[in-house]
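Engineer: Before we start, here is the structure in question, set down as structure tokens.
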Amino acid sequence: MGESMLDFIKAVAREAGRTAMQYFDGVRPNDVHAKASPKDMVSAADVAVEELIVSRIRERFPGHGVFGEESGRSGMHAEHTWVIDPIDGTQSFIKHHPYFSISIAYCEGGRTTAGVVYAPALGLLFAAERGGGARLNDEPIHTARCSALDEAACVTGFGCVRLGRRVNNIEYFARIVPHLRDIKRCGSAALDLAMTGAGVYDAYWEMALQPYDVAAGALIAEEAGALVRDLHGGFRYPEEGVIAANPALLAKLLPFFHDLPENPC
Ligand code: LIP
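Residue 399 in our numbering sits at position 187 of the sequence shown; the count goes up by one each step and never skips.
Written as structure tokens, this is what we have:
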């Protein structure tokens, strides 16, 4: 039997994970540079991991487009496109915090059809194919059933603050957190979405993200049974923010964003 698209992505993600871990473990020097500001960093690992993933895709699918955090948007509108975040959670990675991931999504006609989020330092490989369910290390995963805010353990992020966005998550965070049982900020949107799929978190929301932060994780969360929406309840994520949870919990969280302006991010 031939290798499926998902098998190919998993193999590339594992190889990329081995490269990432050489930098994480100090086997290769991980030079770090500022991008737009001192708060927005890129490391040698980001560049090397993306180069590896892109070269494997080019070898196998020379006609496909690529949209990657480090290599740009050139392939964004191709019929067959790969949306890649080589290290999602760069800030964690450069501080030797293991909560980072490699995110690879394959999209057809603008829709993600297969995706992998791999956290090599944690040994967690999440994978999903549209219509085929979601798995963690080959075992099926399902989103949590919790529908009560005061029983919910959620996760969010504040990249919007780092980016200096006028509308940001601090105000919404302050509104929502008093209603929740628990809140976490762990630092990788892709992994937050995948973990929400696995029921580790009951819900996730964030704003000011890029397609490569969410493409694979959103499919994994959806295939695990979560609804993934923008913060107005529509499908314009990540442009209008992103939220993922089971339907009942999502319905309780969305009203907190009732005054979020259009195009906030
Ligand atoms: C990061 C996200 C994280 C978010 C950060 C940033 P990067 O991606 O996944 O959750 O809060 O601001 O966007 O830049 O490490 O690939």
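Note that CB positions come from ideal geometry on N, CA and C, so glycine has one too.
Is Ala364 closer than 8 Å to Leu403 when the C-beta atoms are compared?
Structural biologist: By 1-based counting over the sequence shown, the position of residue 403 is 191. By 1-based counting over the sequence shown, the position of residue 364 is 152. No, the pair does not count as a contact, with Cβ atoms beyond the cut-off.
Engineer: Check whether the Cβ of Gly284 lies closer than 7 Å to any heavy atom of ligand 1, and answer yes or no.
Structural biologist: Your numbering for residue 284 matches position 72 in the sequence shown. Result no, Cβ not under 7 Å from ligand 1.
Engineer: Using 8 Å for Cβ pairs, my map puts Ala456 next to Val440. What's the rounded Cβ distance?
Structural biologist: Within the sequence shown, residue 456 is the residue found at index 244, counting from 1. Within the sequence shown, residue 440 is the residue found at index 228, counting from 1. About 5 Å; that satisfies the 8 Å criterion.
Engineer: Classify Glu215 as helix, strand or coil using the three-state DSSP reduction.
Structural biologist: Mapped onto the sequence shown, residue 215 falls at position 3. Glu215: coil per DSSP, three-state reduction.
Engineer: Can you grab the Cα-Cα spacing for the pair Phe385 / Ala246, in whole Å?
Structural biologist: For the purposes of this step, residue 385 is identified with residue 173 of the sequence shown, where counting begins at 1. For the purposes of this step, residue 246 is identified with residue 34 of the sequence shown, where counting begins at 1. Cα to Cα, Phe385 sits roughly 28 Å from Ala246.
Engineer: Looking at the secondary structure, which residues open and close the alpha helix (DSSP H) in which Lys464 lies?
Structural biologist: In the sequence shown, residue 464 corresponds to position 252, counting from 1. Element bounds for Lys464: 459 to 465.
Engineer: Could you give the first and the last residue of the continuous alpha helix (DSSP H) run that contains Met407?
Structural biologist: Numbered from 1 along the sequence shown, position 195 holds the residue referred to as residue 407. Note, Met407: alpha helix (DSSP H), 401 to 409.
Engineer: Is the Cβ-Cβ distance between Thr355 and Gly277 less than 8 Å?
Structural biologist: Position 143 of the sequence shown, counting from 1, holds the residue named residue 355. Position 65 of the sequence shown, counting from 1, holds the residue named residue 277. Cβ atoms of Thr355 and Gly277: not closer than 8 Å.
Engineer: Are the CB atoms of Ala430 and Thr324 nearer to each other than 8 Å?
Structural biologist: As a working note, residue 430 is residue 218 in the sequence shown. As a working note, residue 324 is residue 112 in the sequence shown. Yes, the Cβ-Cβ distance between Ala430 and Thr324 is below 8 Å.
Engineer: Is Phe220 helix, strand or coil by DSSP?
Structural biologist: On the sequence shown, position 8 is the one that residue 220 refers to. Correct three-state label for Phe220: helix.
Engineer: If you drop the 5 nearest sequence neighbours on each side, which residues of the same chain put their C-beta closer than 6 Å to that of Asp442?
Structural biologist: Along the sequence shown, one-based indexing puts residue 442 at 230. Here the set comprises Arg448, Tyr449, Glu452, Gly453.
Engineer: What's the gap between the Cα of Ala410 and the Cα of Asp362?
Structural biologist: In the sequence shown, the residue the question calls residue 410 occupies position 198. In the sequence shown, the residue the question calls residue 362 occupies position 150. When rounded, the distance between both Cα atoms is 20 Å.
Engineer: Roughly how many angstroms lie between the CA atoms of Ala427 and Ala317, to the nearest whole one?
Structural biologist: Residue numbering aside, residue 427 sits at position 215 when the sequence shown is read from its first letter. Residue numbering aside, residue 317 sits at position 105 when the sequence shown is read from its first letter. One C-alpha to the other measures close to 6 Å.
Engineer: CB-CB under 8 Å to Ile306, same chain, minus the five flanking residues each way: which ones, in chain order?
Structural biologist: In the sequence shown, counting from the first residue as 1, residue 306 sits at position 94. Only Asn242, Val244, Met253, Ser255 meet the Cβ criterion.
Engineer: Could you pull out every residue in the same chain whose Cβ sits closer than 6 Å to the Cβ of Gln234, ignoring the five residues on either side in sequence?
Structural biologist: As a working mapping, residue 234 is identified with position 22 in the sequence shown. Excluding sequence neighbours, Gln234 sits near Arg240.
Engineer: Is it right to say Leu334 is buried, meaning 16 or more other beta carbons lie within 10 angstroms of its own, or is it exposed?
Structural biologist: Here residue 334 is taken as the residue at index 122 of the sequence shown, counted from 1. Exposed.
Engineer: Would you call the CB atoms of Glu418 and Gly369 closer than 8 Å?
Structural biologist: Here the question's residue 418 lines up with position 206 in the sequence shown. Here the question's residue 369 lines up with position 157 in the sequence shown. Yes, they are a contact pair.
Engineer: Between which two residues does the alpha helix (DSSP H) holding Gly371 run?
Structural biologist: Position 159 of the sequence shown holds residue 371. Looking at the DSSP string, the run of the alpha helix (DSSP H) that includes Gly371 is 371 to 374.
Engineer: Is the beta carbon of Glu282 closer than 8 Å to that of Tyr262?
Structural biologist: Mapped onto the sequence shown, residue 262 falls at position 50. Mapped onto the sequence shown, residue 282 falls at position 70. The question names Tyr, but residue 262 in the sequence shown is Glu. Result yes, Cβ atoms of Glu262 and Glu282 sit closer than 8 Å.
Engineer: Tell me which same chain residues have a C-beta within less than 7 Å of the C-beta of Asp414, skipping the five on either side of it?
Structural biologist: Start at 1 with the first residue of the sequence shown, and residue 414 comes out as number 202. Result list for Asp414: Ala356, Cys358, Ala364, Ala365, Cys366, Ala457, Leu461, in chain order.
Engineer: Do you know whose CA, among Val412, Val379, Pro423, Asp425, lies nearest Glu474's CA?
Structural biologist: Looking up residue 474 in the sequence shown gives position 262. For Glu474, the nearest C-alpha among the options comes from Val379.
Engineer: For Gly287, list the residues DSSP reports as bridge partners.
Structural biologist: Stepping through the sequence shown from its first residue, residue 287 is reached at position 75. Answer is none; Gly287 lacks a bridge partner.
Engineer: Taking C-alpha atoms, which residue in Arg226, Glu434, Ala232, Leu466 lies nearest to Pro352?
Structural biologist: Position 140 of the sequence shown, counting from 1, holds the residue named residue 352. Considering only alpha carbons, the answer is Glu434.
Engineer: Going by DSSP, what residues sit across from Thr324 in a beta bridge?
Structural biologist: Position 112 of the sequence shown holds residue 324. Bridge partners of Thr324: Cys319.
Engineer: Just checking Arg374 against ligand 1 - is the residue's beta carbon closer than 7 Å to any of the ligand's heavy atoms?
Structural biologist: The sequence position of residue 374 within the sequence shown is 162, counting from 1. Flag set: Cβ of Arg374 near ligand 1.
Engineer: Grab me the residues of Leu472's own chain with a C-beta within less than 6 Å of its C-beta, minus the 5 sequence neighbours each way, in chain order.
Structural biologist: To locate residue 472, count along the sequence shown from 1; it is residue 260. Taken in chain order, the residues that qualify are Leu443.
Engineer: Report yes if the C-beta distance between Val389 and Asn381 is below 8 Å; otherwise report no.
Structural biologist: Numbered from its first residue, the sequence shown carries residue 389 at position 177. Numbered from its first residue, the sequence shown carries residue 381 at position 169. Cβ distance not < 8 Å, so Val389 and Asn381 don't count as in contact.
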